[in-house]
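Novice: So the sequence lines, in the order shown, correspond to chains C and V. All the letters of the first sequence, read from the start, carry residue numbers 547 to 701 under our numbering. All the letters of the second sequence, read from the start, carry residue numbers 21 to 741 under our numbering.
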Amino acid sequence: MKLDINGRSHEIDAPDDMPLLWVLRDLVGLTGTKYGCGMAQCGACTVHVDGQPMRSCVTPASAVAGQKITTIESLSDDASHPVQRAWIELDVVQCGYCQSGQVMAAAALIRAKPKPSDADIDAAMAGNLCRCGTYQRIRAAVHRAAELAREDGHA
Amino acid sequence: MRDPADLPAPSRRRFLATGAALSGGLVIACFVPSAARRAFAAAAPPAPAPVDPNAFVRIGADGTVSVLLKHSEMGQGVWTSLPMVLAEELDCDWKTVRVAHAPAAPAYAHTAFGMQMTGGSTSTWESFEQLRRAGAMARAMLVAAAAKKWKVDPASCRTEAGFILSGTHKAGYGELAEDASKLPAPATVALKDPAQWRLIGKPTRRLDSRAKVTGRAEFGIDVQRPGLLVATLARPPVFGATLERFDATKAKAVAGVVDVVAIPNGVAVLAKHFWAAKTGRDALEITWNEGAGATLSSEALRDEYRRLAGTRGAVAKTAGDVDAALAAAPTRIEADYELPFLAHAPMEPLNCTVEIGKDRCEIWTGTQFQTPDQAAAAKILGLEPEKVTIHTTFLGGGFGRRANPASDFIIEAVQVAKAAGKPVKLVWTREDDIRGGYYRPMWLSRFAAALGKDGTPVAWSHTLVGQSIIDGTPFAPMMIKDGVDVTSVEGAANSPYLAAIPAHRVDLHSPKSPVTVLWWRSVGHSHTGFAVESFVDELAHAAKQDPLAYRRALLPAGSRERRVLDLAADKAGWGQPLAKGRARGLAVHASFESFVAQVAEVSLEDGRIRVHRVTCAIDCGPVVNPLTVEAQMQSGIVYGLGAALYGQLTLKRGRVEQSNFHDYRALRLDEMPVVDVHIVDSKDKMGGVGEPGTPPIAPAVANAVFALTGKRLRRLPFALD
Ligand code: FES
Ligand code: FES
Chain C
547 MKLDINGRSH
557 EIDAPDDMPL
567 LWVLRDLVGL
577 TGTKYGCGMA
587 QCGACTVHVD
597 GQPMRSCVTP
607 ASAVAGQKIT
617 TIESLSDDAS
627 HPVQRAWIEL
637 DVVQCGYCQS
647 GQVMAAAALI
657 RAKPKPSDAD
667 IDAAMAGNLC
677 RCGTYQRIRA
687 AVHRAAELAR
697 EDGHA
Chain V
21 MRDPADLPAP
31 SRRRFLATGA
41 ALSGGLVIAC
51 FVPSAARRAF
61 AAAAPPAPAP
71 VDPNAFVRIG
81 ADGTVSVLLK
91 HSEMGQGVWT
101 SLPMVLAEEL
111 DCDWKTVRVA
121 HAPAAPAYAH
131 TAFGMQMTGG
141 STSTWESFEQ
151 LRRAGAMARA
161 MLVAAAAKKW
171 KVDPASCRTE
181 AGFILSGTHK
191 AGYGELAEDA
201 SKLPAPATVA
211 LKDPAQWRLI
221 GKPTRRLDSR
231 AKVTGRAEFG
241 IDVQRPGLLV
251 ATLARPPVFG
261 ATLERFDATK
271 AKAVAGVVDV
281 VAIPNGVAVL
291 AKHFWAAKTG
301 RDALEITWNE
311 GAGATLSSEA
321 LRDEYRRLAG
331 TRGAVAKTAG
341 DVDAALAAAP
351 TRIEADYELP
361 FLAHAPMEPL
371 NCTVEIGKDR
381 CEIWTGTQFQ
391 TPDQAAAAKI
401 LGLEPEKVTI
411 HTTFLGGGFG
421 RRANPASDFI
431 IEAVQVAKAA
441 GKPVKLVWTR
451 EDDIRGGYYR
461 PMWLSRFAAA
471 LGKDGTPVAW
481 SHTLVGQSII
491 DGTPFAPMMI
501 KDGVDVTSVE
511 GAANSPYLAA
521 IPAHRVDLHS
531 PKSPVTVLWW
541 RSVGHSHTGF
551 AVESFVDELA
561 HAAKQDPLAY
571 RRALLPAGSR
581 ERRVLDLAAD
591 KAGWGQPLAK
601 GRARGLAVHA
611 SFESFVAQVA
621 EVSLEDGRIR
631 VHRVTCAIDC
641 GPVVNPLTVE
651 AQMQSGIVYG
661 LGAALYGQLT
671 LKRGRVEQSN
681 FHDYRALRLD
691 EMPVVDVHIV
701 DSKDKMGGVG
711 EPGTPPIAPA
721 VANAVFALTG
731 KRLRRLPFAL
741 D
């Protein structure tokens, strides 16, 4: 199958049921996308498919052939995406393992809702577990990221 | 590919081997005398080997300061807070500081425990003096090199943000690093007066953020090596079961599967990628000898614990005639508190990568326990421990699970690599993690107390029943005294309330079971905090007194418990009216030499507990990085609250009934209370912050629910009906 990952085309030899997560991590070598549960419970594996956040652990790679897959590695070259800047500014991360997924979920949210309310953040981010408990700073950083994006004129 | 601001993982192991700094500069040799041993609850094991001369800091020709971190970064922030301590004395420019995990070596032994490890909320206090000295020595050597070069008196030199200045002379640390490295390390150095600290105590952002928001931070599960295979292991379905036979025909037919090998704890499937390894494992046909573990059930254990609680256990603490005082008192209160088995469920599932070479072995993993893991691997391979290199990656959470005296996830991976004769990354699925044992034990606390006429307790009996996490480990001789595992009763036998109660007794039963158990964030305090702080609340209500006033009266005046209790109560507006349908509860608990009080504000929404706000006060002594303390309090609260609301593992016919985050739930963002953290400005003894935030939250919430509904929640996780 042919996969469009971060703007590059990859010819992948994998079983049809192989989740996109493992194709990304073990076949393409993009390990920024994480495995946390394998059953759409934690959000660590969140990537964008045609701009929409998706749980790559339950998405067969074959189902997204031809679609535009974006992973954390290509969100920016230099941590300059508003979500990344806000995360750094507000010291969000702890162990960091959930954070690729958090950042990808937040990036999709502020694109869809340039001025998200707390309720919007709850709805969009409740599916992303953080065992370190960074939620309070995530909430603040999503607001901050939205602000930065508006300043940048991204919104 | 990697961000130049982050240290590339492969270079780490060359630090000591070649002496080359990352930037190609030179090494400053620092001999750091072992820091004063700190008296700890458990007697410290033998003294660590002499400190390696250049163990902690390297200065590159470009002025880059590389700090080698002996502790494991697992989210708790040591990647930032510990370099701050060294940089303070070095007087370098904070922007030039880079960090890498140190290899496993005797130089990095914990100053109190004598082995390389991260745990017990000890990292900051145990290395505080050591790192200050390392920084001060490096600075002194740079000054000496400059003085020699400029032919001036060292006393005429001052340092500022990575530069040395004297009269009209000025040079950067990088320019002097080579000369300095040839000088002997000073035998003694003066440390800064705390009044001169510019970095310590200042809110300082994390140094690992950039790597972690770009996906570039390397966790154990991300390790890639040439020819590396991924393995999954089929472990026994019940505790204590052994492998009888297996048929790998179907597993081997799965595309991508390379090998199937048996090890003592199960059958491993090795494949080109995780998906094939997992699919192959699902296709294994295995027969187990299930043994006695197959009849285990948590309900039966619970009955057994209740029976045991009616008998006298090993006495951990006693004063006065408790039985007589209980019999004589007009008011007697009794209660049982019960807590379930819990998995740690760190976000990154356990994993370990092993490459066995001729006379050597390399391991990449996120571990909290370098020394025991290194020894365990060496033993399997018949090597000297120093022939086993451990590359510590970032840890996707630890919470105690990655500090296992049994080194389970290391041993399995080494055995698989050895049996297959191939480099292997053994990866646990989430299901493996939830069902794989090494749990926080199930606990029962049974109390009886008698109140005097004024409502103060005159007798207190506390019987605890739960498995020992120390029994059978190398720590047993130090930590089990007269049949009492000190970790089982911490927070109970040394409860600050006991001093005010003339007759008291704390005793312990330590039943054995095939279920493997381990320390879980806050260890014994994870159960004693809930039990003691709930029961004291019950006594306050029985005495018809305000829970805050009641506790204050029992706690010694001037105690740090009182200080945090007062601060939390004040900041939370204790006693002030609340919106209808809301109530507050409080708890105070000391652990790991820090003191924490929390006030929780709750309501019920659709019959479920909703925690709106937690006001948290901590006294941990002098603070290195307030941002770390604040984050750790939030973190400990989320961990403890998730467990209190949802966490439990149950056993039926020997099987763990839960398997993943859908039935072993964690707190989610939409359930996150607002957490206000207040740090006491304290000059008292420095304590830890990784764990002390966890114990008070469950009782604070339970006490709030009681205030709201009159219903006392005596069992975790909370159930309202
Ligand atoms: S790994 Fe995909 S949601 Fe958890
Ligand atoms: S930062 Fe550790 S799980 Fe979220």
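For every residue, glycine included, the Cβ atom is placed at its ideal position computed from N, Cα and C.
Let's see if you can read the secondary structure: which residues bound the alpha helix (DSSP H) around residue 435 of chain V?
Specialist: The residue labelled residue 435 of chain V in the question sits at position 415 within the second sequence. First-last of the alpha helix (DSSP H) with residue 435 of chain V: 428 to 440.
Novice: Per the DSSP calculation, residue 594 of chain V is bridged to which residue(s)?
Specialist: Position 574 of the second sequence, counted from the first residue, corresponds to residue 594 of chain V. According to DSSP, residue 594 of chain V bridges with nothing at all.
Novice: Along the chain, where does the alpha helix (DSSP H) containing residue 498 of chain V start, and where does it finish?
Specialist: Walking along the second sequence from the start, residue 498 of chain V turns up at place 478. Start and end: 496 to 499.
Novice: When you compare only the Cα positions, how much space is there between residue 613 of chain C and residue 692 of chain V?
Specialist: As a position in the first sequence, residue 613 of chain C is number 67, starting the count at 1. As a position in the second sequence, residue 692 of chain V is number 672, starting the count at 1. Answer to the nearest angstrom: the Cα atoms are 35 Å apart.
Novice: Is residue 468 of chain V closer than 7 Å to residue 354 of chain V when the C-beta atoms are compared?
Specialist: Along the second sequence, read from residue 1 onward, the residue named residue 354 of chain V stands at position 334. Along the second sequence, read from residue 1 onward, the residue named residue 468 of chain V stands at position 448. Yes, these two residues count as a Cβ contact at 7 Å.
Novice: Which residues of the region 226 to 248 of chain V have a Cβ closer than 9 Å to any Cβ of chain C? Give them in chain order.
Specialist: Under the 9 Å Cβ criterion, the region 226 to 248 of chain V contributes 226, 228, 229, 230, 231, 232, 233, 234, 235, 236, 237, 238, 239, 241, 242, 243, 244.
Novice: What residue from V:368, V:157, V:361 has the CA that sits closest to residue 111 of chain V's CA?
Specialist: Locating residue 111 of chain V in the second sequence gives position 91, counting from the first residue. It is V:157.
Novice: Identify every residue that forms a DSSP beta bridge with residue 570 of chain V.
Specialist: Indexing the second sequence from 1 puts residue 570 of chain V at position 550. Partner(s): none; residue 570 of chain V has no beta bridge.
Novice: Less than 6 Å separating the Cβ of residue 659 of chain V from some heavy atom of ligand 1?
Specialist: Along the second sequence, read from residue 1 onward, the residue named residue 659 of chain V stands at position 639. No, ligand 1 has no heavy atom inside 6 Å of this Cβ.
Novice: Cα-Cα, which of V:192, V:148, V:131 is closest to residue 159 of chain V?
Specialist: Start at 1 with the first residue of the second sequence, and residue 159 of chain V comes out as number 139. Considering only alpha carbons, the answer is V:192.
Novice: Kindly indicate if chain V contains any beta-carbon less than 7 Å away from that of residue 605 of chain C.
Specialist: Position 59 of the first sequence, counted from the first residue, corresponds to residue 605 of chain C. No, residue 605 of chain C lies away from the interface with chain V (no Cβ there is under 7 Å from its Cβ).
Novice: Is it true that the CB of residue 681 of chain V sits closer than 7 Å to the CB of residue 641 of chain C?
Specialist: The residue labelled residue 641 of chain C in the question sits at position 95 within the first sequence. The residue labelled residue 681 of chain V in the question sits at position 661 within the second sequence. Against a cut-off of 7 Å, the Cβ pair of residue 681 of chain V and residue 641 of chain C comes out as no contact.
Novice: Flag this pair as yes or no: are the beta carbons of residue 687 of chain C and residue 651 of chain C separated by less than 7 Å?
Specialist: The residue labelled residue 687 of chain C in the question sits at position 141 within the first sequence. The residue labelled residue 651 of chain C in the question sits at position 105 within the first sequence. No, the pair does not count as a contact, with Cβ atoms beyond the cut-off.
Novice: Quick test of your reading: residue 197 of chain V and residue 81 of chain V, contact by CB under 8 Å. State the CB separation rounded to the nearest angstrom.
Specialist: Along the second sequence, read from residue 1 onward, the residue named residue 197 of chain V stands at position 177. Along the second sequence, read from residue 1 onward, the residue named residue 81 of chain V stands at position 61. Going by Cβ atoms, the distance from residue 197 of chain V to residue 81 of chain V rounds to 6 Å, so yes, they are a contact pair.
Novice: In angstroms with no decimal places, state the Cα-to-Cα distance between residue 235 of chain V and residue 570 of chain V.
Specialist: Residue mapping note: residue 235 of chain V aligns to position 215 of the second sequence, counting from 1. Residue mapping note: residue 570 of chain V aligns to position 550 of the second sequence, counting from 1. Roughly 50 Å between the two C-alpha positions.
Novice: Since residue 711 of chain V and residue 656 of chain V should fall inside the 8 Å C-beta cutoff, what is the C-beta to C-beta distance between them, to a whole number of angstroms?
Specialist: Within the second sequence, residue 711 of chain V is the residue found at index 691, counting from 1. Within the second sequence, residue 656 of chain V is the residue found at index 636, counting from 1. Indeed they touch by this definition, with Cβ atoms about 6 Å apart.
Novice: Please state whether DSSP places residue 476 of chain V in a helix, a strand or coil.
Specialist: Against the second sequence, residue 476 of chain V aligns to sequence position 456. Residue state, collapsed to three classes: coil.
Novice: So the alpha helix (DSSP H) residue 671 of chain C belongs to, where does it begin and stop?
Specialist: As a working mapping, residue 671 of chain C is identified with position 125 in the first sequence. Residue 671 of chain C -> alpha helix (DSSP H) spans 664 to 671.
Novice: Just to check my reading of the structure: residue 465 of chain V and residue 342 of chain V have Cβ atoms closer than 8 Å, yes? What is that Cβ distance to the nearest angstrom?
Specialist: Numbered from 1 along the second sequence, position 445 holds the residue referred to as residue 465 of chain V. Numbered from 1 along the second sequence, position 322 holds the residue referred to as residue 342 of chain V. Contact flag wrong, Cβ pair sits at about 16 Å.
Novice: Pull up the distance between the alpha-carbon of residue 356 of chain V and that of residue 734 of chain V, whole angstroms please.
Specialist: Numbered from its first residue, the second sequence carries residue 356 of chain V at position 336. Numbered from its first residue, the second sequence carries residue 734 of chain V at position 714. When rounded, the distance between both Cα atoms is 7 Å.
Novice: Comparing the CB of residue 684 of chain V with every heavy atom of ligand 2, is any distance shorter than 6 Å?
Specialist: Stepping through the second sequence from its first residue, residue 684 of chain V is reached at position 664. Every heavy atom of ligand 2 is 6 Å or more from the Cβ of residue 684 of chain V, so no.
Novice: Please list, in chain order, the chain V residues whose beta carbon lies closer than 7 Å to that of residue 649 of chain C.
Specialist: As a working mapping, residue 649 of chain C is identified with position 103 in the first sequence. Those within 7 Å of residue 649 of chain C in chain V are 233.
Novice: Report the rounded CA-to-CA distance for residue 516 of chain V versus residue 580 of chain V, giving the unit in angstroms.
Specialist: Numbered from 1 along the second sequence, position 496 holds the residue referred to as residue 516 of chain V. Numbered from 1 along the second sequence, position 560 holds the residue referred to as residue 580 of chain V. Roughly 10 Å between the two C-alpha positions.
Novice: Residues of the region 647 to 660 of chain V in Cβ contact with chain C at a cutoff of 8 Å, in chain order, please.
Specialist: Going along the region 647 to 660 of chain V in chain order, one finds 647, 651, 654, 655, 656, 657, 658, 659 with a Cβ nearer than 8 Å to chain C.
Novice: Taking Cβ positions, are residue 452 of chain V and residue 427 of chain V nearer each other than 7 Å?
Specialist: Against the second sequence, residue 452 of chain V aligns to sequence position 432. Against the second sequence, residue 427 of chain V aligns to sequence position 407. No.
Novice: Quick check: the Cα distance between residue 448 of chain V and residue 664 of chain V, rounded to an integer number of angstroms?
Specialist: Against the second sequence, residue 448 of chain V aligns to sequence position 428. Against the second sequence, residue 664 of chain V aligns to sequence position 644. Using only the alpha carbons, I get a separation of about 26 Å.
Novice: With ligand 3 as the reference, list in chain order each residue whose Cβ lies under 6 Å from any of its heavy atoms.
Specialist: With respect to ligand 3, the structure offers nothing, as its ligand set consists of ligand 1 and ligand 2.
Novice: For ligand 1, any of its heavy atoms closer than 6 Å to the Cβ of residue 570 of chain V?
Specialist: Along the second sequence, one-based indexing puts residue 570 of chain V at 550. Because no heavy atom of ligand 1 lies under 6 Å away, the Cβ of residue 570 of chain V does not count as near it: no.
Novice: Please classify residue 562 of chain V: does DSSP put it in a helix, a strand, or coil?
Specialist: Counting from 1 along the second sequence, the entry for residue 562 of chain V is found at position 542. It is helical.
Novice: Report the option in V:695, V:725, V:737, V:689 whose CA atom is closest to the CA atom of residue 673 of chain C.
Specialist: To locate residue 673 of chain C, count along the first sequence from 1; it is residue 127. Checked all of V:695, V:725, V:737, V:689; the closest Cα to residue 673 of chain C is V:689.
Novice: Mind listing, in chain order, the continuous beta strand (DSSP E) runs of no fewer than 3 residues lying wholly within the region 370 to 416 of chain V?
Specialist: Entirely contained in the region 370 to 416 of chain V, the beta strand (DSSP E) runs reaching 3 residues are, in chain order, 371 to 377, 380 to 385, 408 to 412.
Novice: List the residues of chain C whose Cβ lies closer than 7 Å to the Cβ of residue 695 of chain V, in chain order.
Specialist: For this step, residue 695 of chain V is matched to residue 675 along the second sequence. By Cβ distance, chain C contributes 682.
Novice: Buried or exposed: which applies to residue 582 of chain V, given that a residue is buried once 16 or more other Cβ atoms fall within 10 Å of its Cβ?
Specialist: As a working note, residue 582 of chain V is residue 562 in the second sequence. Answer is buried; the Cβ neighbour count reaches 16.
Novice: List the residues of chain C whose Cβ lies closer than 9 Å to the Cβ of residue 474 of chain V, in chain order.
Specialist: As a working note, residue 474 of chain V is residue 454 in the second sequence. Residues of chain C passing the Cβ test: none, with the nearest at roughly 41 Å.
Novice: Leaving aside the five residues before and after residue 337 of chain V along the sequence, list all residues of the same chain whose C-beta is less than 6 Å from its C-beta, in chain order.
Specialist: Within the second sequence, the letter at position 317 stands for residue 337 of chain V. 513, 526.
Novice: So if I measure from each beta-carbon to every heavy atom of ligand 1 and keep distances below 6 Å, which residues remain?
Specialist: Matched residues: C:581, C:582, C:583, C:584, C:586, C:587, C:588, C:589, C:590, C:591, C:601, C:603.
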